[in-house]
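Order-wise, the sequence lines are chains G and E. Residue numbers for the first sequence, in our numbering: 25 to 207. Residue numbers for the second sequence, in our numbering: 474 to 493.
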Amino acid sequence: MKHPLQNRWTLWFYKNDKTKPWQANLRLVTKFDTVEDFWALYNHIQLASRLMSGCDYSLFKDGIEPMWEDNRNKCGGRWLITLSKQQRMLELDQFWLETLLCLIGEAFDDYNNDVCGAVINVRAKGDKIAIWTRDTENQKAVLHIGKTYKERLGLPMRIVIGYQAHADTATKSGFGVKNKFVV
Amino acid sequence: GKKRYDREFLLGFQFIAAST
Numbered sequence: 025m026k027h028p029l030q031n032r033w034t035l036w037f038y039k040n041d042k043t044k045p046w047q048a049n050l051r052l053v054t055k056f057d058t059v060e061d062f063w064a065l066y067n068h069i070q071l072a073s074r075l076m077s078g079c080d081y082s083l084f085k086d087g088i089e090p091m092w093e094d095n096r097n098k099c100g101g102r103w104l105i106t107l108s109k110q111q112r113m114l115e116l117d118q119f120w121l122e123t124l125l126c127l128i129g130e131a132f133d134d135y136n137n138d139v140c141g142a143v144i145n146v147r148a149k150g151d152k153i154a155i156w157t158r159d160t161e162n163q164k165a166v167l168h169i170g171k172t173y174k175e176r177l178g179l180p181m182r183i184v185i186g187y188q189a190h191a192d193t194a195t196k197s198g199f200g201v202k203n204k205f206v207v
Numbered sequence: 474g475k476k477r478y479d480r481e482f483l484l485g486f487q488f489i490a491a492s493t
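What follows is the structure, encoded as structure tokens:
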């Protein structure tokens, strides 16, 4: 008897091939809806720290595609964790696993429904991990998710993490995107 | 009911899953 999760989740893998459009590089790996099947998958795939630069993993609720354009993402945003190069060895895998456990374990109390998924970007210039939520206007939900997430990652008070609207990320880039919330 | 699992509970299954 396996332990059912509240949601069915889909793991996606993105591998950068500059000759192809973005969406052609995105692959659905598998779906799962039990604790046991999550671990069978997690134990089978590469750790994020061992992926080639330019690759992403995304874990989203079933039916939500890991892109801004999806109906359930387009009004939303993300709590973004940016990591230094040094953190890849020490913290990247640990932070990503903690992110996954927050998602599948439904760690956000009354606001789990606001969570769409999470993305990890492995990049030479610095890795990123983010939890995506569905509506930037749901301030209580966004802030609760951010505070809980920061606690679960064990980030100290002095570290500030920011929440950015996808609509802003899509039109601006890099440091031009301003935080809608911080915790 | 809602199925919520804390991290220790989830972590407890990592290697049980691998051995089955």
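Quick reminder that beta carbons are idealized off the backbone N, C-alpha and C, glycines included.
Chain E contact for G:H27 (CB, 9 Å cutoff): For the purposes of this step, residue 27 of chain G is identified with residue 3 of the first sequence, where counting begins at 1. With 9 Å as the cut-off, G:H27 counts as an interface residue toward chain E.
Nearest neighbour of G:T54, chosen from G:K85, G:K42, G:W46, G:D41 [CA to CA]: As a working note, residue 54 of chain G is residue 30 in the first sequence. Of the candidates G:K85, G:K42, G:W46, G:D41, the one whose C-alpha sits nearest the C-alpha of G:T54 is G:K85.
Residue-chain proximity (G:R176, chain E), Cβ-Cβ < 9 Å: As a first step, residue 176 of chain G is located in the first sequence; it is residue number 152 there, counting from the start. Yes, its Cβ sits closer than 9 Å to a Cβ of chain E.
Segments of 4+ residues assigned as alpha helix (DSSP H) that fall wholly inside the segment 39-79 of chain G: 59-68
DSSP state of G:Y187 mapped onto helix, strand, coil: Working through the first sequence from its first residue, we reach residue 187 of chain G at position 163. Strand.
9 Å Cβ cutoff, G:W63 in contact with chain E: On the first sequence, residue 63 of chain G is found 39 positions in, with the first residue counted as 1. Yes - at least one Cβ of chain E is within 9 Å of the one on G:W63.
Residue-chain proximity (G:I128, chain E), Cβ-Cβ < 9 Å: Residue 128 of chain G sits at position 104 when you count from the first residue of the first sequence. Yes, its Cβ sits closer than 9 Å to a Cβ of chain E.
Proximity to G:L71 [Cα-Cα], best of G:G87, G:F37, G:R102, G:R96: The sequence position of residue 71 of chain G within the first sequence is 47, counting from 1. Of the candidates G:G87, G:F37, G:R102, G:R96, the one whose C-alpha sits nearest the C-alpha of G:L71 is G:F37.
Distance between G:G170 and G:V206 (C-alpha atoms, nearest Å): Stepping through the first sequence from its first residue, residue 206 of chain G is reached at position 182. Stepping through the first sequence from its first residue, residue 170 of chain G is reached at position 146. One C-alpha to the other measures close to 8 Å.
Which listed residue (G:V146, G:G129, G:N162) has its alpha carbon closest to that of G:Q30: Here residue 30 of chain G corresponds to residue number 6 of the first sequence, with the count starting at 1. Nearest C-alpha to G:Q30: G:G129.
Within chain E, the residues that G:Q70 reaches when beta carbons sit closer than 7 Å: For the purposes of this step, residue 70 of chain G is taken as the residue at position 46 of the first sequence. By Cβ distance, chain E contributes nothing, its closest Cβ being about 16 Å from G:Q70, past 7 Å.
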